[in-house]
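Worksheet for the structure shown next.
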Amino acid sequence: MAARDRYSRKLECSQCGHAGFAEVSESDERRAGNRDFTIDEMPAGFAPEFPSTDPRKYMVHCQCGHKFRFEQKTAYPPGGEPR
Ligand SMILES: [Zn+2]
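Structure below.
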């Protein structure tokens, strides 16, 4: 049975600046392709908009109405997705 990694990660809204720490967990068998990601505790002011087991697809909804991905890339590779 696979163990799970638990960690906290800061969520920060780029629109209103609201921030908080989410408690999340995911499988440590990342080579399997399915990280089985889940947010165990959402910080106040944020809510799940589109839950996913992939943190790059998990959409979070801020109290101001802004929606963004849980895990965002800071730099895009050439030919990568525009946003
Ligand atoms: Zn916001």
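In case it helps, the working numbering puts the sequence shown at residues 778 to 860.
Glycine included, every Cβ here is placed at the ideal spot set by N, Cα and C.
Proximity to proline 825 [Cα-Cα], best of Cys839, Asp813, Arg812, Phe814: Of the candidates Cys839, Asp813, Arg812, Phe814, the residue whose Cα lies closest to the Cα of proline 825 is Cys839.
Run of the beta strand (DSSP E) containing glycine 797, from where it starts to where it stops: 796–804 is the span of the beta strand (DSSP E), which, as asked, contains glycine 797.
Helix, strand or coil at arginine 846 according to DSSP, with G and I counted as helix: Looking at arginine 846 - three-state DSSP - the assignment turns out to be strand.
Arginine 808 - DSSP class collapsed to helix/strand/coil: In the structure shown, arginine 808 adopts helical secondary structure according to DSSP, grouped into three states.
Coil, strand or helix - phenylalanine 823 by DSSP: DSSP, reduced to helix, strand and coil, places phenylalanine 823 within a strand of the structure shown.
Through-space distance from alanine 780 to phenylalanine 847, alpha-carbon basis: Roughly 22 Å separates the two Cα atoms.
C-alpha distance - glutamate 818 paired with arginine 786, whole-angstrom precision: About 11 Å.
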